Structure formats: C-alpha cells, structure tokens
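Report on the structure given below.
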Amino acid sequence: MKKTVLSLAAALIALGLAACVTSQYSSSNLNYYRGQNVPPEFFKVVSSTPTEITFEIKINFSQDRLYHIVLDGNTPLAEDWVLMVTGRGQAYTAVLKAKPGVEFAAGKPYRLCIGDKNPEEVNVYSNNYRCLVDFDFTL
Numbered sequence: 070m071k072k073t074v075l076s077l078a079a080a081l082i083a084l085g086l087a088a089c090v091t092s093q094y095s096s097s098n099l100n101y102y103r104g105q106n107v108p109p110e111f112f113k114v115v116s117s118t119p120t121e122i123t124f125e126i127k128i129n130f131s132q133d134r135l136y137h138i139v140l141d142g143n144t145p146l147a148e149d150w151v152l153m154v155t156g157r158g159q160a161y162t163a164v165l166k167a168k169p170g171v172e173f174a175a176g177k178p179y180r181l182c183i184g185d186k187n188p189e190e191v192n193v194y195s196n197n198y199r200c201l202v203d204f205d206f207t208l
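Our numbering puts the first residue of the sequence shown at 70, with every later residue one more than the last.
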C-alpha cells in the first residue's frame, strides 16, 4: 500500500513538472486589448531605425515604470520596461529595440501598447493583455 502511494505521488510530481516544462508562456500568444485612446499630440516618434524606435510620450502616469510593447497586429516586435522619469508636465523617452530577427519597415503601421504588467506574467493566468494606453503610428 505504502509503495503504491509513493509511486502515485512520484507520477503526479513527474506529470506536474512535465506540464511546467512544456507549457509556453509567450507574449505572442496573447490578445492585446486596446486601452484608452489618447490624442496623437501626446506621442511622438523621435527617431527610428530598422531595429530601434524612440518615442517621446507626454502622459503623466502614476506608476514609476510601465511595460511598452510595439505590436504589428497582435504580434509583439519590441517590448521592455520603461522608467517614467519626468517632471510635472514633461515628456519621458521610451527606446524600444526590436526582437532578434525583427526589423521595422518604413511606411508600415504599428501600435504602441503601454501596460502595467509583463505579458509573460499575464499569460500564466490569462490569454488577454490589457493595454492602459494605445498609440497607432506609421514609421
């Protein structure tokens, strides 16, 4: 009896570990729901290269850092935490580097999603990522 219980417990632990190893918590598996629409004058693409975009954002958030994601449709091309270093009424700068193998194209529409969580953290319990603020732009 004791041997059977131990074997069953070992099998359950092995299954649990296998599920953890094989599960995919990827930010590309999420639906990025649109956040608040902010007038375009609050956002500016300061510069861009095929592998990097620099934004100037004139929004005062209460958080000290937020997660910024450049999306092509529902696919994240660049993402990172950005510190909200501003004075009252001033803009902050967000520099986002493209993921390896990704290049930004001139004339192509993209979307900047600003959220308060890392998408991989959200994907553990949900398939939906809520953007606090959205900005559609074309390079």
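Quick reminder that beta carbons are idealized off the backbone N, C-alpha and C, glycines included.
Predicted, not measured: the structure shown is a model, and the values here were computed from it.
So, using beta-carbon positions, are residue 29 and residue 185 closer together than 9 Å? Residue 29 lies beyond the range of the chain shown here (70 to 208); nothing can be said about it.
Exposure of residue 169, with buried meaning 16 or more beta-carbon neighbours within 10 Å: exposed
Report yes or no: do three or more beta-carbon pairs, one from the stretch 111-121 and one from the stretch 164-180, lie closer than 8 Å? Contact between the stretch 111-121 and the stretch 164-180 is present, because at least three Cβ pairs lie under 8 Å.
With a cut-off of 8 Å on the beta carbons, I'd call residue 141 and residue 198 a contact; round off their distance for me. About 15 Å separates the two Cβ atoms, so there is no contact after all.
With DSSP collapsed to three states, give me the class of residue 202. In the three-state reduction of the DSSP assignment, residue 202 falls in the strand class.
Residues in the same chain with beta-carbon distance under 7 Å from residue 161, minus the five sequence neighbours each way, listed in chain order, please. 126, 153, 154 and 155
When 151, 204 and 191 are compared against residue 99, the one with the closest alpha-carbon: Closest by alpha carbon: 191.
Residue closest to residue 225, alpha-carbon to alpha-carbon, out of 145, 172 and 175: An answer regarding residue 225 cannot be provided, because it is not within the stretch 70 to 208 covered by the chain.
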